[in-house]
Ligand code: HEM
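Residue numbers (this note's numbering): 48 to 377.
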């Protein structure tokens with residue numbers, strides 16, 4: 048895809064195009080207000096690439112990768128000189144029946160690997176380096192479920208952009224030159240009502256998702272009165288151009304607690320594209336014709352971040368560190 052050989056070298060931090068994995072941890076933290084806390088966070092972010100190497104090199108076939116996303120509020124508190132044009136706090140959406148809440152989060156760490164122990168070890172060392180400068184607000188361990196199915200039983204991720212379409216859809220370009228190569232990231236943690244879902248006959252489930260269940264064939268519902276999830280999540284402009292995003296959703300759960308979920312994560316070149324998908328899902332295309340997937344899936348969280356490209360991240364945190372050093376007189 049990118050010509051990179053992931054098996055020979057550790058994967059650089061901030062590689063949005065790192066391979067989809069068998070295991071993932073989604074870690075969301077808030078950062079304390081004191082300058083010492085902000086300085087500690089910058090130093091941990093500065094060391095992120097080294098930490099990926101430290102853990103990842105122990106088995107390159109585990110393909111450990113980590114992407115950090117920074118929320119708007121922390122972005123402003125760190126007084127970075129520039130800000131990605133579209134970065135803002137996740138706006139809650141209230142539809143006729145379902146609501147997408149907005150929940151706090153200063154930093155998102157999206158940790159992926161073929162082996163869950165690598166995700167675990169990386170998260171452990173990362174949190175050690177962040178210390179009490181952060182508070183964990185959410186921590187989810189996801190797993191790949193059979194042939195990349197969500198817990199509703201459908202193959203999830205098929206329409207993801209590949210090849211040259213991947214950077215064109217997921218990475219900021221010349222339209223915001225200071226942040227080119229970075230990506231807007233939106234997360235939502237969904238819980239499913241599996242009991243209710245399993246009572247829905249398979250043909251109706253397929254109509255709701257927009258693909259057949261066993262063999263994953265796309266269903267054409269252009270003329271249907273009620274659009275499927277995949278059609279509501281398809282964004283096309285007046286000239287017929289389709290705007291894709293890169294998703295790496297992961298199932299998670301604890302059957303003993305009747306907890307069954309999908310952790311949605313979307314990377315996009317333009318934040319408005321994900322916002323529009325959410326509008327269409329929650330409000331509906333015509334209003335009222337919302338995404339029936341939501342009758343069985345409730346979002347508990349909703350947060351927006353920006354994941355800068357690695358050189359941009361380094362330069363942002365190093366500049367902030369210098370400012371902290373000057374203001375503390377060291
Ligand atoms: C409970 C949460 C969700 C589940 C279980 C889920 C599941 C799926 C499944 C099974 C597909 C069809 C196969 C594929 O192309 O991946 C799909 C497609 C898609 N979903 Fe979701 N999804 C969820 C939430 C979301 C959210 C919140 C968004 C965007 C904000 C989104 C955006 C998309 C897009 C862009 C597609 C591809 C549409 C196309 O065919 O071009 N999904 N999803």
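Just so it is clear, CB atoms sit at the ideal spot from N, CA and C, and this is done for glycine as well.
From a predicted model like this one, the values you see are computed outputs, not experimental measurements.
Does the distance from the C-beta atom of residue 317 to that of residue 145 stay below 8 Å? Residue 145 is positioned such that its CB atom lies no closer than 8 Å to that of residue 317.
Supposed close pair residue 130, residue 122 - CB separation, criterion 8 Å: 6 Å
Strictly under 8 Å for the Cβ-Cβ distance: is residue 183 near chain B by that measure? Included in the structure is just one protein chain, with no chain B present.
Contact under 8 Å by Cβ, residue 161 with residue 70: yes
Where residue 145 falls: helix, strand or coil (DSSP): coil
Could you check whether the Cβ of residue 329 sits closer than 7 Å to any heavy atom belonging to ligand 1? no
Measure the alpha-carbon distance for residue 248 versus residue 94 and round it to whole angstroms. Near 50 Å, if we compare the C-alpha coordinates of residue 94 and residue 248.
Please list, in chain order, all residues of the same chain as residue 48 whose beta carbon is under 8 Å from its beta carbon, the five residues on each side excluded. Caution applies to residue 48, whose pLDDT of 43 falls short of 50 and renders its modelled position unreliable; the value that the coordinates give is listed next. The residues are 64, 209, 210 and 213.
Under three-state DSSP, which class holds residue 81? Coil at residue 81, not helix or strand.
Comparing the CB of residue 264 with every heavy atom of ligand 1, is any distance shorter than 7 Å? Outside the cutoff, so no.
Please list, in chain order, all residues of the same chain as residue 223 whose beta carbon is under 7 Å from its beta carbon, the five residues on each side excluded. The beta carbon of residue 223 sits closer than 7 Å to the beta carbons of 131 and 132 from its chain, once the five residues preceding and following it are set aside; these are given in chain order.
Residue 174: which of 331, 332, 235 and 73 sits nearest, CA to CA? 73
Validate contact between the stretch 273-280 and the stretch 248-258 using beta carbons, cut 8 Å, 3 pairs: Touching, per the Cβ criterion.
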